[in-house]
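S.K.:
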Amino acid sequence: MTETDFLSLTPLLIITIAPVVIMLIISIYRKYEIIFGFSLVSLLTAFVSLFIVQPLLPHRIDHLMVFDLYSLFFLGIIFFSAFLIMLLSHDYFKHLEGFREEYFIILFTATLGASLLAVANHFIIFFLGFELLSISLYILIAFQKKKDYPLEAGIKYLILASVSSAFLLFGMALIYTALGTMGFQGIADAISKMGVASPILVIGFGMMMVGIGFKLALAPFHMWTSDVYQGAPAPVSGYIATVSKGGVMAVFIRFFFDIKGFSNQDFFIVISAIAIFSMFVGNLLAIRQQNLKRLLGYSSIANMGYLIIILLIGNNDGARAAIFYMLSYFVTVIGAFGVISLLSTKNREAEKIEDFKGLFWKRPWIAIVLTLSLLSLAGIPLTAGFIAKFYVIFEGVKSGLMLLVFSMIINSVIGLYYYIRVIAVMFSTGEETTKLPSLSIIGNVALTMISISILILGVYPGWLIDMIMKLVAL
Amino acid sequence: MILIDLIIVLLIGAILAWITGKWNSVLPRIISLAALVVDLFLIIPEVVGAATNQTKWLVDIDLSWIPAFGINLHLALDGLSLMMLLLTFFMGIVSVIISWKEINKRVGFFHFNLLMTLTGVVGVFLSLDLFLFYFFWELMLVPLYFMIGIWGHKNSTAVAYKFFLYTQAGGLLMLISILALYFIHGQTTGVYTFDYLQLIGTKMPASVAFLLMLGFLAAFLVKLPMIPLHTWLTEVYSEAPTAVLLSALLLKTGAYGLFRFVVPLFPFAARSFAPVGMVLGVIAILYGAKLAFAQTDLKRLIAYISVSHVGFILLGIFAFNEIAYQGVVMQMLTQGISTGALLIMAEQLSERLHTRDINQMGGLWEKVPIMGTIGLIFTMASLGLPGFGNFIAELLVLLGVFKTNVTAAVLASLGLVAAAIYSLRILQKVFYGRKSKNWEIHDLSIREKLVAGSMIIIIVGMGLFPKPVLNIAKPVVLKSLNTQNDSAFLKSQESKTKVMAENTCFLKPLNR
Numbered sequence: 038m039t040e041t042d043f044l045s046l047t048p049l050l051i052i053t054i055a056p057v058v059i060m061l062i063i064s065i066y067r068k069y070e071i072i073f074g075f076s077l078v079s080l081l082t083a084f085v086s087l088f089i090v091q092p093l094l095p096h097r098i099d100h101l102m103v104f105d106l107y108s109l110f111f112l113g114i115i116f117f118s119a120f121l122i123m124l125l126s127h128d129y130f131k132h133l134e135g136f137r138e139e140y141f142i143i144l145f146t147a148t149l150g151a152s153l154l155a156v157a158n159h160f161i162i163f164f165l166g167f168e169l170l171s172i173s174l175y176i177l178i179a180f181q182k183k184k185d186y187p188l189e190a191g192i193k194y195l196i197l198a199s200v201s202s203a204f205l206l207f208g209m210a211l212i213y214t215a216l217g218t219m220g221f222q223g224i225a226d227a228i229s230k231m232g233v234a235s236p237i238l239v240i241g242f243g244m245m246m247v248g249i250g251f252k253l254a255l256a257p258f259h260m261w262t263s264d265v266y267q268g269a270p271a272p273v274s275g276y277i278a279t280v281s282k283g284g285v286m287a288v289f290i291r292f293f294f295d296i297k298g299f300s301n302q303d304f305f306i307v308i309s310a311i312a313i314f315s316m317f318v319g320n321l322l323a324i325r326q327q328n329l330k331r332l333l334g335y336s337s338i339a340n341m342g343y344l345i346i347i348l349l350i351g352n353n354d355g356a357r358a359a360i361f362y363m364l365s366y367f368v369t370v371i372g373a374f375g376v377i378s379l380l381s382t383k384n385r386e387a388e389k390i391e392d393f394k395g396l397f398w399k400r401p402w403i404a405i406v407l408t409l410s411l412l413s414l415a416g417i418p419l420t421a422g423f424i425a426k427f428y429v430i431f432e433g434v435k436s437g438l439m440l441l442v443f444s445m446i447i448n449s450v451i452g453l454y455y456y457i458r459v460i461a462v463m464f465s466t467g468e469e470t471t472k473l474p475s476l477s478i479i480g481n482v483a484l485t486m487i488s489i490s491i492l493i494l495g496v497y498p499g500w501l502i503d504m505i506m507k508l509v510a511l
Numbered sequence: 025m026i027l028i029d030l031i032i033v034l035l036i037g038a039i040l041a042w043i044t045g046k047w048n049s050v051l052p053r054i055i056s057l058a059a060l061v062v063d064l065f066l067i068i069p070e071v072v073g074a075a076t077n078q079t080k081w082l083v084d085i086d087l088s089w090i091p092a093f094g095i096n097l098h099l100a101l102d103g104l105s106l107m108m109l110l111l112t113f114f115m116g117i118v119s120v121i122i123s124w125k126e127i128n129k130r131v132g133f134f135h136f137n138l139l140m141t142l143t144g145v146v147g148v149f150l151s152l153d154l155f156l157f158y159f160f161w162e163l164m165l166v167p168l169y170f171m172i173g174i175w176g177h178k179n180s181t182a183v184a185y186k187f188f189l190y191t192q193a194g195g196l197l198m199l200i201s202i203l204a205l206y207f208i209h210g211q212t213t214g215v216y217t218f219d220y221l222q223l224i225g226t227k228m229p230a231s232v233a234f235l236l237m238l239g240f241l242a243a244f245l246v247k248l249p250m251i252p253l254h255t256w257l258t259e260v261y262s263e264a265p266t267a268v269l270l271s272a273l274l275l276k277t278g279a280y281g282l283f284r285f286v287v288p289l290f291p292f293a294a295r296s297f298a299p300v301g302m303v304l305g306v307i308a309i310l311y312g313a314k315l316a317f318a319q320t321d322l323k324r325l326i327a328y329i330s331v332s333h334v335g336f337i338l339l340g341i342f343a344f345n346e347i348a349y350q351g352v353v354m355q356m357l358t359q360g361i362s363t364g365a366l367l368i369m370a371e372q373l374s375e376r377l378h379t380r381d382i383n384q385m386g387g388l389w390e391k392v393p394i395m396g397t398i399g400l401i402f403t404m405a406s407l408g409l410p411g412f413g414n415f416i417a418e419l420l421v422l423l424g425v426f427k428t429n430v431t432a433a434v435l436a437s438l439g440l441v442a443a444a445i446y447s448l449r450i451l452q453k454v455f456y457g458r459k460s461k462n463w464e465i466h467d468l469s470i471r472e473k474l475v476a477g478s479m480i481i482i483i484v485g486m487g488l489f490p491k492p493v494l495n496i497a498k499p500v501v502l503k504s505l506n507t508q509n510d511s512a513f514l515k516s517q518e519s520k521t522k523v524m525a526e527n528t529c530f531l532k533p534l535n536r
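Going down the list, the sequences are from chains A and B. Quick note on the working numbering: the first sequence kicks off at 38 and runs consecutively. Quick note on the working numbering: the second sequence kicks off at 25 and runs consecutively.
(1) Leaving out five residues before and five after L241 of chain B in sequence, what residues of the same chain have Cβ atoms less than 7 Å from its Cβ?
(2) Okay, do the stretch 328–344 of chain B and the stretch 414–423 of chain B touch, 3+ Cβ pairs below 8 Å being the bar?
(3) Take the Cβ of G495 of chain A as the centre, count every other Cβ of all protein chains shown within 10 Å, and call the residue buried at 16 or more, exposed below.
(4) Of all Cβ atoms in chain B, is any one closer than 8 Å to the Cβ of K399 of chain A?
(5) DSSP puts I200 of chain B in a beta bridge; with which residues?
(6) Starting from M123 of chain A, trace the alpha helix (DSSP H) in both directions and tell me its first and last residue.
(7) Helix or strand or just coil, what does DSSP make of H209 of chain B?
(8) Which residue wins for smallest C-alpha separation from L409 of chain B, given the options B:K427, B:P393, B:A443, B:A436?
(9) Distance, Cα to Cα, I196 of chain A vs S118 of chain A?
(10) Can you tell me the Cβ-Cβ gap for K247 of chain B and L289 of chain B, rounded? I've got them flagged as a contact below 8 Å.
(11) Short check: CB of R137 of chain A to CB of F130 of chain A, under 8 Å?
(12) Closest by CA to H177 of chain B, which one among B:V61, B:P69, B:Y261, B:T143?
(13) Roughly how many whole angstroms lie between the Cα atoms of R538 of chain B and A83 of chain A?
(14) Going by DSSP, what residues sit across from G220 of chain A in a beta bridge?
(15) Determine the direct distance from the alpha carbon of V103 of chain A to that of R97 of chain A, and round the result to whole angstroms.
(16) For F294 of chain A and chain B, any beta-carbon pair shorter than 8 Å?
(17) Within the 8 Å Cβ cut-off, does L49 of chain A reach chain B?
(18) Applying the criterion that 16 or more other CB atoms from any shown protein chain within 10 Å of the CB defines a buried residue, is V247 of chain A buried or exposed?
(19) How about W256 of chain B: is its C-beta nearer than 8 Å to some C-beta of chain A?
(20) Just to check my reading of the structure: G268 of chain A and Y335 of chain A have Cβ atoms closer than 8 Å, yes? What is that Cβ distance to the nearest angstrom?
(21) Is it buried or exposed for L87 of chain B, if we count other Cβ within 10 angstroms and need 16 for buried?
(22) Output needed for S180 of chain B: all residues of its chain with C-beta closer than 7 Å, excluding positions within five of it in sequence on either side, in chain order.
(23) I'd like to confirm the pairing. Which residues does DSSP put opposite L99 of chain B in its beta bridges?
(24) Round the Cβ separation of L21 of chain B and D102 of chain B to the nearest angstrom and send it over; I've been treating them as touching at under 8 Å.
(25) Using the beta-carbon of each residue, which ones in chain B are nearer than 7 Å to S449 of chain A?
(26) With a floor of 4 residues, list each alpha helix (DSSP H) that falls wholly inside the stretch 246–281 of chain A, ordered by position along the chain.
(27) Taking only beta carbons into account, state which residues of the stretch 171–196 of chain B come closer than 8 Å to chain A, listed in chain order.
(28) Ends of the alpha helix (DSSP H) at G97 of chain A?
(29) Which two residues bound the contiguous alpha helix (DSSP H) that contains P393 of chain B?
(30) Three Cβ pairs or more, each shorter than 8 Å: is that satisfied between the stretch 437–457 of chain B and the stretch 380–396 of chain B?
(31) Go through its chain and collect everything with a Cβ distance to F412 of chain B's Cβ below 6 Å, but skip five positions before and after it.
(32) Run down chain B in chain order and give the residues with a C-beta less than 8 Å from the C-beta of D503 of chain A.
(33) Could you tell me if Q302 of chain A is buried or exposed, where buried requires 16 or more neighbouring beta carbons within 10 angstroms of its beta carbon?
(34) Check each residue of the stretch 371–394 of chain A: if its Cβ is closer than 9 Å to any Cβ of chain B, include it; give the result in chain order.
(35) Compare the beta carbon distance of I307 of chain B and A316 of chain B with 8 Å and say whether it is the shorter of the two.
(36) Could you give the first and the last residue of the continuous alpha helix (DSSP H) run that contains Q91 of chain A?
This is the structure we're talking about:
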């Protein structure tokens, strides 16, 4: 490996070294605040290092990894989301009994997995990142082993995620059998030379799609979503909804753009079907939910449907719209899970919709953040979600994907229905005796950052769109 | 910059009202009143300009917003938007005053929502960028949703839902049309922009234009509301005491949208839709009147009166001539005020009597003579008696429609007869007739008299001196008609109607 290789790996190396250091610190002096502070600083350093390595781009490391503006941008999204989630976790885990410092170690390994996916250019790195992420997530979900739901959710996730990994791995193996290569470029070249796709290759791609579909929670591979979202600690659910999906999305976009999967007619139909199915399943199942975490779980299925369908455009414009959508969705959903985390106490999660009854009159600030998040999910002006939805419909109309546009519109209205329902509960008047925990400064900072991001993306998104246009060129 | 100031004043007022509402319940009221009065005074100097300047935009600002998509912060003021703004601020002030004592819960948040709704409405009336227009169009919904849901009567949450989903669905269909228009324009000219002035005259096949127009119609006709889509309106009126604002403004945004966007952007498609539009207008007038007659709930009754009046707007817009358009502009203003005044009266009655059932009222005149007088004046206004603005408006619309479609005009005139019946029924049931119960109620307070008095002055003023309004409206009316002036279609229409125009020469002074 050359010096440039090492230099361009800096962000990942920081994320790798940080958990090791944390382990050492824990073994010497176990103190929650120190670990928390160190983790924050490490993530920030990793984030800053992205700007430092930028001049070296684009750089490839032996066909395994690729560092270009695209992967750097995704690393930025992943680190930013992880940073916000870390801030929100502070209060949530602070009052937990037993060992809780280890949470940050696992958070780093999961983030490393997602980051590997963002830079992957070869099946081996793809799978490495995928597994690193999955295994870390098992632990994160079932971390509070004294409670029932987390354990149940952890086991569900473990079984289903292993099956999906198996699918992914088998799919990769079949593709290797058919083409004799595992690098993305090699596969792309081999496919373009081949002409008619062999059945083995088709099955291979199909199986990979199952694995990816599971991680992105696309229908019909969505069964785990709401259970896991409900069972996992709120910050971890937020993590699954954002960082984990962000990493998988990064590699999904890169891989299928490299192999020009979207120009394949059959693949186009399959993805359209999955996307439209996801939208309807997610939104329709969300309508009757009484649990906000489950509701967000179902709504994430629908949102992933919006996200992948826009990729069908198959050019940079589609990818840009998808990335803008993803970014705004991440900020928004972290806001929603953040509110749940901050309202949860040691003994119970604030997850029932009734828990939020009259919240606006008791805790206006925190209710505003949740309202902003929900309005953003529903795509109402002044919020990030409005511009994001507009961007996606914009690109959809531009490419004439009218089926996409109309199913998105129908689903927006359905989605509006259940988001508004939660808002209505928050604004309803009713005496509720539950004692709400007070907010710490860190929680407040995180909520402020989130609301400002939602508003800025909603009112003045021009700079970000320009940035995405500059950075994302596949 | 004055246009941006208008919006900023409202936004700052909204936030201040909310914040101060935590400590004091009077401050938010004062703040929102002050914000609206400041806006009113900011806009008044433009009225002078509007009377002299006949062609260009009075104020026009164009700033870059999201350059990647060709979206600009393009706000402009002309005669029509000027009058709409005056109406908006006036009705805003009225809403603040009438809710002064009535809204006691969560005053700060109420005024926040009120001012945010008005921000959206003002934005809609000023936007000349289609994206910006859509932005403001959607922006009004959430605060209104809260206003209906939180300060409504017991069933109001469900009503607020219905309102939200109806309008949102319509709005999204409009968004698709906006985007399609954007791309068609971009592909034919190479300029990708949401700018209204550039999008006018985009060339496209007639079938495409028709589809795109339907998208716009979906949004505007829901807001207007047109007959099959009107159910949210009646429910909102009966459940939400803040509905005055809705009647005056929300409906106007729909009519304004038809006027400003549908007709100029899709001149031919709109003309081919005209027969349907006119039929819908006539149905709204007659069916609305029939339903109004059948209601026993005072507020629902007024809601159907409003539906019936909106029929004239629809009818006038699809008549495509100057007289009808003058009438539409008048109708937008007068209907806002007269229906608004009736709703205020209904709310005052239902608040005093705790019922909206007109069968339980009766003989109230001797208890509340002043309220009765005011009720009498506004029912006379809304049934279109000469001397009130509504008369001028409806007369102009009917004259204009008569030029293009005699049958529609004749049928619509029947609506005036029906209006007399249902209006007199209100008076008969509420203020005259036998006393059904011995109600102990007090008459209007000074605050309420002030509001009613100023509304009377305006509606009578417009009835007796309609010329300033018509003068200000004239360049706008001509502009929106002239977008396809050179078309052979219009010429043939015009030669056909020339004979009739000569017969209506007594109206000439009005048009000048």
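We treat Cβ as the ideally placed atom computed from N, Cα and C, and that holds for glycine. For clarity, every value in this text was computed on a predicted model and none was experimentally measured.
M.R.: If we stick to the structure as given:
(1) Residue numbering aside, residue 241 of chain B sits at position 217 when the second sequence is read from its first letter. Cβ neighbours of L241 of chain B beyond the five flanking positions: V286.
(2) At 8 Å Cβ cutoff, the stretches touch.
(3) Taking the first sequence and counting its residues from 1, one reaches residue 495 of chain A at position 458. G495 of chain A is buried by the Cβ-count criterion.
(4) Taking the first residue of the first sequence as position 1, residue 399 of chain A is located at position 362. Judged by the 8 Å Cβ criterion, K399 of chain A is not in contact with chain B.
(5) Position 176 of the second sequence, counting from 1, holds the residue named residue 200 of chain B. Looking at the DSSP output, I200 of chain B bridges to nothing.
(6) For the purposes of this step, residue 123 of chain A is taken as the residue at position 86 of the first sequence. 106–131 is the extent of the alpha helix (DSSP H) around M123 of chain A.
(7) As a first step, residue 209 of chain B must be located in the second sequence, where it is residue number 185. Helix at H209 of chain B.
(8) Here residue 409 of chain B refers to the residue found at position 385 when the second sequence is read from its first residue. Checking every option, the nearest Cα to that of L409 of chain B belongs to B:A443.
(9) Reading the first sequence from its first residue, position 159 is the one you call residue 196 of chain A. Reading the first sequence from its first residue, position 81 is the one you call residue 118 of chain A. When rounded, the distance between both Cα atoms is 26 Å.
(10) Residue numbering aside, residue 247 of chain B sits at position 223 when the second sequence is read from its first letter. Residue numbering aside, residue 289 of chain B sits at position 265 when the second sequence is read from its first letter. About 17 Å; that fails the 8 Å criterion.
(11) Position 100 of the first sequence holds residue 137 of chain A. Position 93 of the first sequence holds residue 130 of chain A. Yes; because the gap between Cβ atoms is below 8 Å, this pair is in contact.
(12) Residue 177 of chain B sits at position 153 when you count from the first residue of the second sequence. Of B:V61, B:P69, B:Y261, B:T143, the residue nearest in Cα terms is B:Y261.
(13) Because residue 538 of chain B is not part of the residues shown, which for chain B are 25 to 536, the question remains open.
(14) On the first sequence, position 183 is the one that residue 220 of chain A refers to. Looking at the DSSP assignment, G220 of chain A forms a beta bridge with A:H159.
(15) For this step, residue 97 of chain A is matched to residue 60 along the first sequence. For this step, residue 103 of chain A is matched to residue 66 along the first sequence. Using only the alpha carbons, I get a separation of about 4 Å.
(16) As a position in the first sequence, residue 294 of chain A is number 257, starting the count at 1. Not one chain B Cβ lies under 8 Å of F294 of chain A.
(17) Counted from its first residue, the first sequence places residue 49 of chain A at position 12. So, not an interface residue.
(18) As a working note, residue 247 of chain A is residue 210 in the first sequence. Buried: at least 16 other Cβ atoms inside 10 Å.
(19) Stepping through the second sequence from its first residue, residue 256 of chain B is reached at position 232. Output row for W256 of chain B: interface = no.
(20) Position 231 of the first sequence holds residue 268 of chain A. Position 298 of the first sequence holds residue 335 of chain A. Wrong, their Cβ atoms sit about 15 Å apart, outside the cutoff.
(21) For the purposes of this step, residue 87 of chain B is taken as residue 63 along the second sequence, with counting starting at 1. Looking at its Cβ environment, which holds fewer than 16 other Cβ atoms inside 10 Å, L87 of chain B is exposed.
(22) The residue labelled residue 180 of chain B in the question sits at position 156 within the second sequence. Same-chain partners within the cutoff: I172, G173, E263, A264.
(23) Locating residue 99 of chain B in the second sequence gives position 75, where the first residue counts as 1. DSSP, once it has assigned bridges, lists B:I85, B:S151 as partnering L99 of chain B.
(24) In the structure as shown, chain B starts at 25 and stops at 536, and residue 21 of chain B therefore has no counterpart that could be examined.
(25) Reading the first sequence from its first residue, position 412 is the one you call residue 449 of chain A. In chain order: L196.
(26) As far as the stretch 246–281 of chain A is concerned, its whole alpha helix (DSSP H) runs of at least 4 residues are 261–268, 271–276.
(27) Listed by position along the chain: G173, I174, T181, A184, Y185, F188, L189, Q192, A193, L196.
(28) Counted from its first residue, the first sequence places residue 97 of chain A at position 60. One detail in the question is off: residue 97 of chain A reads as Arg in this sequence, not Gly. It is not in any alpha helix (DSSP H) - R97 of chain A instead sits in the beta strand (DSSP E) that spans 96–98.
(29) The residue you call residue 393 of chain B lines up with position 369 of the second sequence. Looking at the DSSP string, the run of the alpha helix (DSSP H) that includes P393 of chain B is 393–406.
(30) yes
(31) On the second sequence, residue 412 of chain B is found 388 positions in, with the first residue counted as 1. Excluding positions up to five away in sequence, the list reads A405, I483, G487.
(32) In the first sequence, residue 503 of chain A corresponds to position 466, counting from 1. Within 8 Å Cβ-Cβ: P91, A92.
(33) Mapped onto the first sequence, residue 302 of chain A falls at position 265. When all chains shown are included, Q302 of chain A counts as exposed.
(34) none
(35) One-based indexing of the second sequence puts residue 307 of chain B at position 283. One-based indexing of the second sequence puts residue 316 of chain B at position 292. Contact flag unset, no.
(36) By one-based count along the first sequence, residue 91 of chain A stands at place 54. No alpha helix (DSSP H) holds Q91 of chain A; DSSP gives it neither H nor E.
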